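Chemist: Numbering (my numbering), first residue to last: 377 to 725.
The structure's right below; bear with me while I get my questions together.
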Ligand code: NAD
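Here it is, written out as structure tokens:
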């Protein structure tokens with residue numbers, strides 16, 4: 377399979393590119409604008425592979441995307457490029473509207489033009505896979521899980537922009553017959569995670585002896601999925617998903633934010649003890665995120681039963697692997713922390 381992956385220099389996109397090239401021997405073209413969140417070093421393991429190619433381009437640039445499709449002749453597009461950080465969407469929603477909505481519209485139109493020009497066999501096999509988030513479903517109370525049929529109820533500029541893009545993708549399926557599949561996934565964590573997000577931020581602040589910020593009381597709940605499990609789910613869906621269908625992806629690993637941070641502290645206390653005291657002493661409660669969703673939790677039964685996917689890591693094994701990775705790979709994160717993002721608070725509105 378020849379796949380165009382958009383946003384392949386990002387956290388999840390790079391895991392998808394590595395999995396496709398290393399484990400599936402697929403040809404991959406990574407189409408990425410290299411925004412602040414794009415880190416080409418995340419592709420180091422595959423950058424010299426003859427199966428891998430990189431093109432710097434903006435998903436909003438129709439001419440550039442159309443030229444890449446015409447030249448590369450992909451069998452599938454996996455569309456991950458997006459602005460992805462809720463806090464940044466509070467500070468500046470404009471790029472979220474532009475990249476997540478207009479960018480997805482542009483990708484859909486380029487895919488439709490390209491697909492219309494394919495031979496019958498290739499046309500039938502082509503897939504446009506849109507990668508989205510569980511945040512489109514809004515916020516849960518103490519009980520219940522997000523299912524594929526849960527009504528959309530986004531609350532942040534980020535989740536609203538992703539919800540819009542999901543609706544566009546569904547419209548292109550129903551109106552134009554474009555062969556699409558959609559996935560909505562819970563919070564990811566793992567290696568190569570940009571250190572603005574909770575887990576890498578806490579690991580690196582702890583190593584720097586800086587405060588470990590917890591929004592509000594730390595009782596918001598997220599359902600954590602190891603990024604490599606997500607990458608495998610995405611490849612299963614693009615290869616075998618039913619056209620026009622949505623698949624929820626999640627690892628059944630609900631934790632409060634406080635539990636997540638305390639777990640990281642305990643593992644670091646064991647792997648890299650401080651000279652005195654526990655890393656928990658660095659925990660600092662700060663003003664909550666405006667509109668902070670209380671709880672997300674995914675029901676991934678459809679993906680598990682129909683496509684046979686199952687998460688291989690649970691939170692306890694995955695978080696330990698992740699922390700060890702950050703301890704072993706400061707070549708990757710140190711230039712980011714010393715350059716474009718050093719951990720300052722974002723999204724206070
Ligand atoms: P990320 O922020 O780490 O990476 C985004 C990538 O997209 C970067 O490489 C960036 O350079 C690129 N990009 C941004 N704007 C672009 C543009 N206009 N044109 C081309 N490239 C552009 O994001 P991520 O965490 O890897 O998320 C990837 C996708 O998965 C997103 O669509 C996100 O909504 C979705 N998602 C993320 C999570 C999560 O926990 N991180 C969970 C569910 C779904």
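We put the CB at the ideal spot given by N, CA and C, even for glycine.
Here the structure is a predicted model, which is why all the values come from computation and not from measurement.
How about residue 407 and residue 379: do their beta carbons lie closer than 8 angstroms?
Modeler: What you label residue 407 is simply residue 31 of the chain shown in a count that begins at 1. What you label residue 379 is simply residue 3 of the chain shown in a count that begins at 1. For residue 407 and residue 379, no; Cβs fall outside 8 angstroms.
Chemist: Just the Cα atoms here: how many angstroms apart are residue 389 and residue 562?
Modeler: Looking up residue 389 in the chain shown gives position 13. Looking up residue 562 in the chain shown gives position 186. Going from the Cα of residue 389 to the Cα of residue 562 covers about 15 angstroms.
Chemist: Any idea if residue 710 is buried or exposed, counting beta-carbon neighbours within 10 angstroms, 16 or more meaning buried?
Modeler: Taking the chain shown and counting its residues from 1, the one referred to as residue 710 is at position 334. By the neighbour-count criterion, in which a residue is buried when 16 or more other Cβ atoms sit within 10 angstroms of its Cβ, residue 710 is exposed.
Chemist: Using 8 angstroms as the cut-off, can you tell me whether the stretch 482 to 493 makes contact with the stretch 440 to 459, which would need three or more C-beta pairs spanning the two stretches below that distance?
Modeler: Verdict: yes, contact present.
Chemist: Compute the beta-carbon to beta-carbon distance between residue 530 and residue 512, rounded to the nearest angstrom, for a pair I have assumed lies under 8 angstroms.
Modeler: Taking the first residue of the chain shown as 1, we reach residue 530 at position 154. Taking the first residue of the chain shown as 1, we reach residue 512 at position 136. Correct: roughly 5 angstroms between the Cβ atoms.
Chemist: CB-CB under 6 angstroms to residue 592, same chain, minus the five flanking residues each way: which ones, in chain order?
Modeler: As a first step, residue 592 is located in the chain shown; it is residue number 216 there, counting from the start. Cβ neighbours of residue 592 beyond the five flanking positions: 664.
Chemist: Is the stretch 601 to 615 touching the stretch 681 to 689 in the sense that three or more CB pairs, one from each, lie closer than 8 angstroms?
Modeler: By the Cβ test, the stretch 681 to 689 is in contact with the stretch 601 to 615, since at least three Cβ pairs between them sit closer than 8 angstroms.
Chemist: Measuring straight from C-alpha to C-alpha, what distance separates residue 581 and residue 588?
Modeler: What you label residue 581 is simply residue 205 of the chain shown in a count that begins at 1. What you label residue 588 is simply residue 212 of the chain shown in a count that begins at 1. Near 6 angstroms, if we compare the C-alpha coordinates of residue 588 and residue 581.
Chemist: Return yes when at least one heavy atom of ligand 1 lies under 7 angstroms from the C-beta of residue 554, else no.
Modeler: Within the chain shown, the letter at position 178 stands for residue 554. Because no heavy atom of ligand 1 lies under 7 angstroms away, the Cβ of residue 554 does not count as near it: no.
Chemist: What first and last residue would you give for the beta strand (DSSP E) that runs through residue 454?
Modeler: As a position in the chain shown, residue 454 is number 78, starting the count at 1. Where residue 454 is concerned, the enclosing beta strand (DSSP E) stretches over 452 to 455.
Chemist: Along the alpha helix (DSSP H) that carries residue 533, what are the first and last residues, could you check?
Modeler: Start at 1 with the first residue of the chain shown, and residue 533 comes out as number 157. Residues 533 to 552.
Chemist: Could you name the residues that DSSP lists as bridge partners for residue 508?
Modeler: The residue given as residue 508 occupies position 132 in the chain shown. Residue 508 pairs with 560.
Chemist: Suppose contacts are defined by Cβ-Cβ distances below 8 angstroms. Is residue 690 in contact with residue 629 by that definition?
Modeler: In the chain shown, residue 690 corresponds to position 314, counting from 1. In the chain shown, residue 629 corresponds to position 253, counting from 1. Yes, the Cβ-Cβ distance between residue 690 and residue 629 is below 8 angstroms.
Chemist: Report the residue ranges of all beta strand (DSSP E) runs contained in full by the stretch 409 to 448; include only those spanning at least 3 residues, in chain order.
Modeler: 428 to 432
Chemist: Of the choices 489, 392 and 425, whose alpha-carbon is the least far from that of residue 439?
Modeler: The residue labelled residue 439 in the question sits at position 63 within the chain shown. Closest by alpha carbon: 489.
Chemist: Does ligand 3 have even one heavy atom less than 7 angstroms from the beta-carbon of residue 508?
Modeler: Within the structure as shown, ligand 3 is missing, the only ligands being ligand 1.
Chemist: Can you check the stretch 620 to 650 for any beta strand (DSSP E) of at least 3 residues that lies completely inside it and give the ranges in chain order?
Modeler: 622 to 625 and 630 to 632
Chemist: Please confirm whether any heavy atom of ligand 1 lies closer than 7 angstroms to the CB of residue 451.
Modeler: Sequence index remark: in the chain shown, residue 451 carries index 75 (1-based). Not under cutoff, so the answer is no.
Chemist: Whose C-beta lies closer than 8 angstroms to the C-beta of residue 648 among residues of the same chain, with five residues either side of it excluded?
Modeler: Mapped onto the chain shown, residue 648 falls at position 272. Excluding sequence neighbours, residue 648 sits near 583 and 703.
Chemist: Residue 634 and residue 595: beta carbons closer than 8 angstroms?
Modeler: One-based indexing of the chain shown puts residue 634 at position 258. One-based indexing of the chain shown puts residue 595 at position 219. Result yes, Cβ atoms of residue 634 and residue 595 sit closer than 8 angstroms.
Chemist: Applying the 10 Å Cβ sphere with the 16-neighbour rule, what's the burial state of residue 476?
Modeler: One-based indexing of the chain shown puts residue 476 at position 100. Residue 476 is buried by the Cβ-count criterion.
Chemist: Tell me, to the nearest whole angstrom, how far the beta carbon of residue 509 is from that of residue 535; I am working on the premise that it is less than 8 angstroms.
Modeler: Along the chain shown, read from residue 1 onward, the residue named residue 509 stands at position 133. Along the chain shown, read from residue 1 onward, the residue named residue 535 stands at position 159. Contact annotation, residue 509 with residue 535: C-beta distance approximately 7 angstroms; criterion of less than 8 angstroms satisfied.
Chemist: For the putative contact between residue 717 and residue 428, defined by C-beta atoms under 8 angstroms, what is the C-beta separation to the nearest angstrom?
Modeler: Residue 717 sits at position 341 when you count from the first residue of the chain shown. Residue 428 sits at position 52 when you count from the first residue of the chain shown. Going by Cβ atoms, the distance from residue 717 to residue 428 rounds to 26 angstroms, so no, they are not a contact pair.
Chemist: Give the DSSP-derived three-state secondary structure of residue 665 in the structure shown.
Modeler: If you number the chain shown from 1, residue 665 lands on position 289. Here residue 665 sits in coil by DSSP.
Chemist: How close, in whole Å, do the beta carbons of residue 515 and residue 669 come, if the pair is a contact with beta carbons under 8 angstroms?
Modeler: Reading the chain shown from its first residue, position 139 is the one you call residue 515. Reading the chain shown from its first residue, position 293 is the one you call residue 669. Confirmed, about 4 angstroms.
Chemist: With respect to 7 angstroms, is the separation between the Cβ of residue 563 and the closest non-hydrogen atom of ligand 1 below this value?
Modeler: To locate residue 563, count along the chain shown from 1; it is residue 187. Yes, since a heavy atom of ligand 1 falls inside the 7 angstroms radius drawn around the Cβ of residue 563.
Chemist: With distance defined between alpha-carbon atoms, name the residue in 598, 498, 654 and 437 nearest to residue 517.
Modeler: Position 141 of the chain shown, counted from the start, is the residue given in the question as residue 517. The shortest C-alpha separation from residue 517 is found at 598.
Chemist: In terms of residues, what are the limits of the beta strand (DSSP E) holding residue 576?
Modeler: The residue given as residue 576 occupies position 200 in the chain shown. Looking at the DSSP string, residue 576 is not in any beta strand (DSSP E); the run it does join, the alpha helix (DSSP H), is 574 to 583.
Chemist: Could you spell out where the alpha helix (DSSP H) holding residue 589 opens and where it closes?
Modeler: Taking the chain shown and counting its residues from 1, the one referred to as residue 589 is at position 213. Run containing residue 589: none in the alpha helix (DSSP H); it sits in the beta strand (DSSP E), 588 to 591.
Chemist: I'd like to confirm the pairing. Which residues does DSSP put opposite residue 406 in its beta bridges?
Modeler: For the purposes of this step, residue 406 is taken as the residue at position 30 of the chain shown. Looking at the DSSP assignment, residue 406 forms a beta bridge with 381 and 430.
Chemist: For residue 636, collect the residues of the same chain with a Cβ closer than 7 angstroms to its Cβ; drop the 5 residues on either side in sequence, then sort them by chain order.
Modeler: Within the chain shown, numbered from 1, the residue matching residue 636 stands at position 260. Closer than 7 angstroms at Cβ, skipping near neighbours: 574 and 575.
Chemist: Take the Cβ of residue 705 as the centre, count every other Cβ of all protein chains shown within 10 Å, and call the residue buried at 16 or more, exposed below.
Modeler: One-based indexing of the chain shown puts residue 705 at position 329. So residue 705 ends up on the exposed side.
Chemist: For residue 726, which of helix, strand or coil comes out of DSSP?
Modeler: Outside the shown range of the chain (377 to 725) lies residue 726, about which nothing can therefore be said.
Chemist: Quick check: what's the CA-CA separation for residue 611 versus residue 392?
Modeler: In the chain shown, the residue the question calls residue 611 occupies position 235. In the chain shown, the residue the question calls residue 392 occupies position 16. Cα to Cα, residue 611 sits roughly 8 angstroms from residue 392.
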